[in-house]
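Below is one structure, written out as structure tokens; comments come after it.
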Amino acid sequence: MTATRKNTPTASTGGQPRYVELANTLLRDIQEGRHVVGSLLPTEHELADQYGVSRHTVRASLKKLEDLGYISRKKAVGTLVESANPDTAFVQSFGTPEDLIRVAATEVRAIEDVRHVTLDRNKARRLEAPVGSSWVLLSGTREDVRRAGAPVAQADIYIDATLAGLVDTIRLQPQTLVSSLIEREYAVVIDEIRQMVTATLIEAPLAERLRVQAGSAGLRLIRHYKDATGRILEITDTTYPADRVTVAFQLKRSLKPNLNP
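Going by this note's numbering, the letters in the sequence shown line up with residues 298 to 558, in that order.
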């Protein structure tokens, strides 16, 4: 009799580790209502039998979903579905200042061009990214759905070349943050967002596309989305006319000064 060895967390039937595939399957079940918020997932043993994997693989999958905020695991209770669309709050810190940006939730992507790029020295310096790194560049505008798709900004989205399989999903879900799609489809956690804001002038032909006067003021926002190791998975380079975005800084004193030395 030959024993059959169940899949390990790194084994895969496709291009992703088995635990990532299982995490994606469970995530879709949650988002599509097969496991509703407030319910318990099957036990590790039940999931292992259902999907033909080891309990080690199941635990790795559940850990990913827990890190993403979809589930919580409580001793003597089980694995509870916490959310079908977790809202993770990011604190973008520059030492003690916190850089907060408020952008209308009604903006959606309108991708017009997709191509592979390798950053030369000038482009890498502009994006503050590694020279020679490879990316998939998705270019287009951000549109206001309340105003018949009027363009509100120009956006270049760079995703790490290893995430190229995400392009179709990005196109099909223009209302969903790319960082959220990366987390969902690849079961990774965006651990840090670094944001840089600079003033710029909007010259033709971009001014014509954004329906503003050539040479008018704009704000350029560059964001780095990083995983827990510090690796940049996504870069966004977005230019807004100055009256279409608000950037606020909140400064909080970290230590009370000693006025009586």
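Where a beta carbon is used, it is the ideal one built from N, C-alpha and C, also for glycine. Values in this document were obtained by computation on a predicted structure and should not be read as measured data.
- When secondary structure is reduced to three states using DSSP, Gln328 falls in the helix class.
- By alpha-carbon distance to Ile532, the top candidate from Ala320, Ser476 and Gly330 is Ser476.
- In the structure shown, Gln492 falls within a strand segment according to DSSP collapsed to helix, strand and coil.
- With distances taken between CA atoms, Arg315 lies nearest to Leu359 out of Ser336, Leu359, Arg370 and Arg412.
- The C-beta of Leu337 has fewer than 16 other C-beta atoms within 10 Å across all chains shown, which makes the residue exposed.
- Sequence-distant partners of Gly515 (beyond 5 residues in either direction) whose C-beta falls short of 7 Å from its own C-beta, in its chain, are Thr497, Leu498, Ile499, Thr536, Tyr537, Pro538 and Ala539.
- In the structure shown, Val509 falls within a coil segment according to DSSP collapsed to helix, strand and coil.
- In terms of Cβ geometry, Gln328 and Val405 do not form a close pair [threshold 8 Å].
- Gly375 is bridged by DSSP to Lys371.
- Going by beta carbons, Val449 and Leu434 fall outside the 8 Å limit.
- Three or more beta-carbon pairs drawn from the segment 507-526 and the segment 477-487 are found closer than 8 Å, and the two stretches are therefore classed as touching.
- Under DSSP, Asp534 shares a beta bridge with Asp453 and Ile519.
- Ser380 sits in coil when the DSSP states are folded into three classes, being neither helix nor strand.
- In this structure the segment 451-471 touches the segment 423-432; the number of beta carbon pairs closer than 8 Å is three or more.
- Here Arg412 carries a strand assignment [DSSP, helix/strand/coil].
- About 5 Å separates the beta carbons of Thr495 and Arg517, which is inside the 8 Å limit, making them a contact pair.
- In this structure, His332 is the residue among Arg352, Arg418 and His332 with its C-alpha nearest to the C-alpha of Val378.
- Ala514 sits in a strand when the DSSP states are folded into three classes.
- Taking 8 Å as the cut-off, the Cβ atoms of Leu323 and Arg481 do not count as close.
- Beta-carbon to beta-carbon, Thr438 and Ala452 are separated by about 7 Å, close enough to satisfy the 8 Å threshold.
- Closest by C-alpha distance to Arg506, out of Glu409, Gly335 and Arg356, is Glu409.
- Residues of the same chain with a CB within less than 6 Å of the CB of Lys361, apart from the 5 flanking positions on each side, are Ala320 and Ala484 in chain order.
- For Glu482, the uninterrupted alpha helix (DSSP H) run begins and ends at Val475 to Tyr483, by DSSP.
- Comparing alpha-carbon positions, the option among Gly330, Thr354 and Thr340 lying closest to Gln313 turns out to be Thr354.
- With respect to Arg352, His342 sits close: the two C-beta atoms are nearer than 8 Å.
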